[in-house]
Amino acid sequence: MRRKLWVRITVPIFVLLLLLVIFWNWDWFIPFVQSRASAEIGRPVTIQHLHVRLGRTIVIRADGITIANPKDFPADAPPFGATDEIEVDVAALHYLRHGEIALPLIVIRHPVFNLREAKNQNNYMLNIAPAHGKPMKIGQITIDDGSASVILPSEKADFDLLARTDTAPADSKLFTGGVIIVTAKGRYAGAPITGKLMGGALLTLRDSSIPYPIDLHLQNGSTTASLTGTLDDPAHFAGAHLRLSFAGQDMADLYQLTGVPIPHTPPYSLTGRMAYAGGAFQFQNLVGRVGSSDLEGSISEAPGNPRRKVVAHLTSRRVDLTDLAGFLGGTPGSEHTPGQTAQTRAKLAKAAASPYLLPHTPINLPKINAADVDLTYHGEHIINKDVPLDNLTFHLVTKEGRVTVDPLDFAVGTGTIASRVDLTPADGTLEAKAEINFHRLQLSRLMASTRAFAGDGTVGGSAWISGRGDSFAAILGHGNGHAALFLQNGADISALFVDLIGLQAGDAVLSALGIPRKTQIHCMVSDFSLTAGQMKTNAFLIATKESNILGDGGADLATERLDMHLWTEATHPTIGSLSTPINIGGTLKNPSVTPAPGPLLGRVGGAIGLGVLFPPLAIIPTIRLGLGDKNACVDTLTALREGKKPDQ
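Our numbering applies: residue 9 is where the sequence shown begins, and numbers increase by one.
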């Protein structure tokens with residue numbers, strides 16, 4: 009009986025086991041695996057087939073894996089990801105002995121990803137669940153013929169990526185183990201992009217004891233970038249020994265790659281050390297050139313909410329001011345700037361052909377608001393021969409879209425031009441305020457580019473302006489302000505007119521006014537007001553021993569049209585009182601000098617005299633502020649009020 013009972017029990021079990029072996033299908037576990045994978049990445053995951061080979065090393069292979077797009081993503085969009093096969097080797101004995109999951113080999117065959125944007129969302133942000141328990145020990149990771157298609161309209165991006173793992177090049181000193189190679193081709197930021205990244209074996213990404221090598225080369229439009237070196241702890245971007253280089257036609261193009269708003273610049277080339285510390289990426293020991301100017305210093309960039317934080321300390325030993333024109337919305341560089349392409353030269357030619365002097369380029373408010381920036385800059389020596397400035401220092405801060413530049417100072421000989429600028433966002437435009445003080449500037453330095461110069465003098469004064477607009481031209485074209493500039497014991501008058509008005513026009517002015525070329529300037533006083541973009545001459549006097557040159561009129565800064573008049577009043581018998589008056593018309597960029605109706609303007613000039621052109625000595629405190637307490641201009645005005653000659 010017992011034997012029969014044993015047979016009755018064991019035979020069915022044996023048959024059941026035999027049937028189970030014959031008909032076993034690991035696909036039965038697919039729902040469980042799909043559920044766990046979906047929970048891990050927060051996205052539906054489907055698997056077509058599942059295979060397992062048991063042994064000391066368990067081999068698990070999943071075929072036809074697909075990762076879906078987020079909920080409510082367009083149904084006709086391709087899935088976020090798919091792969092023909094993933095093979096995972098599991099060391100079973102290692103787990104039994106040590107209680108640790110070890111995966112000696114992971115092979116991913118033909119993975120394909122599609123990164124897209126739609127309906128104000130994207131499909132590439134995964135909600136990955138945090139890991140629990142001991143981390144897995146991962147060995148070799150192999151990728152066969154991986155690819156990705158990236159289409160992001162917000163970034164004007166449409167490019168493809170190819171990825172694969174391989175053995176390290178035999179002649180490479182940077183790579184000693186396996187490598188992953190990723191290439192890119194397509195368009196980014198509306199410009200062609202190509203790139204190649206060679207990184208160390210994927211295993212070493214999680215092993216802080218092995219320096220992780222990187223060799224990245226990228227070209228986007230005219231911009232090239234490279235990053236080479238190693239990371240001691242790649243998971244935290246720590247222990248960086250990286251060399252970062254940028255080069256291109258315009259640093260403003262780096263905004264798409266770095267997120268840092270930079271004004272337009274001429275061609276540049278910069279190299280430095282890349283590091284990460286204190287939660288910020290550091291671009292240290294920066295050296296290079298921007299246009300004709302050298303540049304060195306450091307830049308740090310830290311993520312922030314809602315704006316990233318950028319701190320920069322930069323210096324130039326020799327600076328060309330034309331390289332900084334982009335800060336004012338102008339076209340930077342000149343025809344002599346090195347490294348220009350035909351396209352860059354065409355931009356300069358277009359700017360030169362423009363009838364306008366003031367920059368009309370709209371200020372990009374969203375770009376300004378993209379980062380909070382703290383930039384200090386010092387240019388030790390200004391190399392422009394035709395610009396009477398010695399050095400430059402400024403501190404620029406942007407915070408929540410507001411821009412302040414304080415100070416913005418130039419040295420001129422032993423004197424200074426000290427400025428402060430404030431730009432505040434207001435309904436899609438900028439509310440601008442600026443203050444400028446000219447303190448004891450040396451005329452010899454101001455006139456250094458004029459060969460006809462002889463003599464010396466001191467210049468002082470002040471100016472302020474406020475306005476609103478989306479460009480510097482619009483701000484000035486609708487602005488209000490005041491400017492006063494004074495000169496005592498100046499150079500030959502030929503030097504002043506030739507330098508300020510231009511060689512031919514300056515000579516024409518002198519000839520029309522009947523002024524000898526070598527007449528010495530005793531004092532110059534000018535006072536202008538600006539109301540809704542209309543500049544008016546409140547006072548204009550150039551006093552010499554032989555005569556006084558007077559002026560009135562103004563300019564329309566919205567159209568940049570000039571309408572000024574100059575004439576002379578004799579203080580010496582060798583100069584006639586009815587010399588030809590002149591009109592200065594044309595534009596700020598192209599002024600013109602023409603004779604005025606002599607008799608009419610002569611009578612007007614004689615009738616006006618100094619009493620109307622100058623308010624009763626109210627301007628003297630401002631003159632003293634710019635030139636000092638003892639100065640020739642105060643003496644000249646006082647003497648003229650008393651009916652005396654300036655030299656009496």
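Even glycine gets a Cβ: it sits at the ideal position worked out from N, Cα and C.
| Asked | Found |
| --- | --- |
| Might you give, ordered along the chain, the residues of its own chain that have their beta carbon closer than 6 Å to the beta carbon of Gly485, omitting 5 neighbours on each side? | Gly541, Leu565, Ala566 |
| In whole angstroms, what separates the C-alpha of Ala288 from that of Leu210? | 25 Å |
| Judging by CA-CA distance, which residue of Asp398, Ser342, Phe121, Arg428 is the nearest neighbour of Thr422? | Asp398 |
| Determine the DSSP secondary structure at Met532, reduced to helix, strand or coil. | strand |
| Going along the chain, which residues of its own chain have a beta-carbon closer than 6 Å to the beta-carbon of Arg281, five neighbours each way excluded? | Gln292, Asn293 |
| Return the bridge partner residues of Gln148 from the DSSP annotation. | Leu113 |
| Grab me the residues of Gly256's own chain with a C-beta within less than 6 Å of its C-beta, minus the 5 sequence neighbours each way, in chain order. | Ser230, Thr231 |
| Tell me which residue opens and which closes the beta strand (DSSP E) that Thr352 is part of. | Note, Thr352: premise wrong, no beta strand (DSSP E); alpha helix (DSSP H) at 350 to 361. |
| Please confirm if the region 153 to 168 is in contact with the region 101 to 113, defined as three or more CB-CB distances below 8 Å between the two stretches. | no |
| Does the structure place the region 388 to 396 close enough to the region 362 to 380 that three or more beta carbon pairs sit under 8 Å? | no |
| On the premise that Val411 lies in contact with Leu431, defined as a C-beta separation below 8 Å, what is that separation, rounded to the nearest angstrom? | 4 Å |
| Going by beta-carbon coordinates alone, are Thr81 and Asn128 separated by less than 7 Å? | It should be noted that the sequence gives Phe, not Thr, for residue 81. No, they are not a contact pair. |
| Which residue or residues does DSSP assign as beta-bridge partners of Ala248? | Leu239 |
| Between Val395 and Leu438, is the Cβ-Cβ spacing less than 7 Å? | no |
| Quick check: what's the CA-CA separation for Asn556 versus Phe480? | 35 Å |
| Please tell me whether Gly594 and Leu538 are closer than 7 Å, where the distance is taken between their beta carbons. | no |
| Just to confirm the assignment, what range does the beta strand (DSSP E) spanning Leu224 have? | 220 to 228 |
| In chain order, what residues of the same chain have a beta carbon less than 6 Å from the beta carbon of Leu495, not counting five sequence neighbours either side? | Gly465, Val467, Met532 |
| Residues in its own chain within less than 6 Å of Ser180 by CB, not counting five upstream and five downstream? | none |
| Are Ile444 and Ala471 closer than 7 Å when you measure CB to CB? | yes |
| On the CB-based measure, 16 or more other CB atoms within 10 Å of its CB, does Met206 come out buried or exposed? | buried |
| The beta strand (DSSP E) with Ser155 in it runs from where to where? | 154 to 160 |
| What three-state label does DSSP hand Thr273 in the structure shown? | coil |
| Would you kindly report the start and end of the unbroken beta strand (DSSP E) that includes Phe289? | 288 to 298 |
| Nearest CA to the CA of Thr91: which residue from Gly387, Gly72, Phe335? | Gly72 |
| Can you tell which of Ile222, Asn228, His244 has its C-alpha closest to the C-alpha of Thr238? | Ile222 |
| Keeping to the same chain, check which residues put their C-beta closer than 8 Å to that of Leu262; ignore five residues upstream and five downstream. | Thr231, Phe254, Gly256, Val268, Ile270 |
| Taking the C-alpha atoms as reference points, what is the distance between Ile136 and Gly50? | 6 Å |
| Let me know the secondary structure DSSP gives Gly475 once reduced to three states. | strand |
| Taking Gly599 and Ile592 to be in contact with their CB atoms under 8 Å, please state how far apart those CB atoms are, rounded to whole angstroms. | First, the residue type needs correcting, since residue 599 is Pro and not Gly in the sequence shown. With 8 Å as the limit, Pro599 and Ile592 qualify as a contact, their Cβ atoms being about 6 Å apart. |
| Please confirm whether Asp258 and His244 have their CB atoms less than 7 Å apart. | no |
| Measure the C-alpha to C-alpha separation of Gln321 and Leu574 and round it to an integer number of angstroms. | Per the sequence presented here, residue 321 reads as His, with Gln not at that position. Looking at the two C-alpha atoms, the distance is approximately 47 Å. |
| List the endpoints of the continuous beta strand (DSSP E) containing His486. | Where His486 is concerned, there is no enclosing beta strand (DSSP E), given that its DSSP letter is neither H nor E. |
| When you compare the CB positions of Val413 and Val318, do they come within less than 7 Å of one another, or not? | no |
| State the DSSP-derived secondary structure class of Leu565, mapped to helix, strand or coil. | coil |
| Is Val190 closer than 7 Å to Leu169 when the C-beta atoms are compared? | yes |
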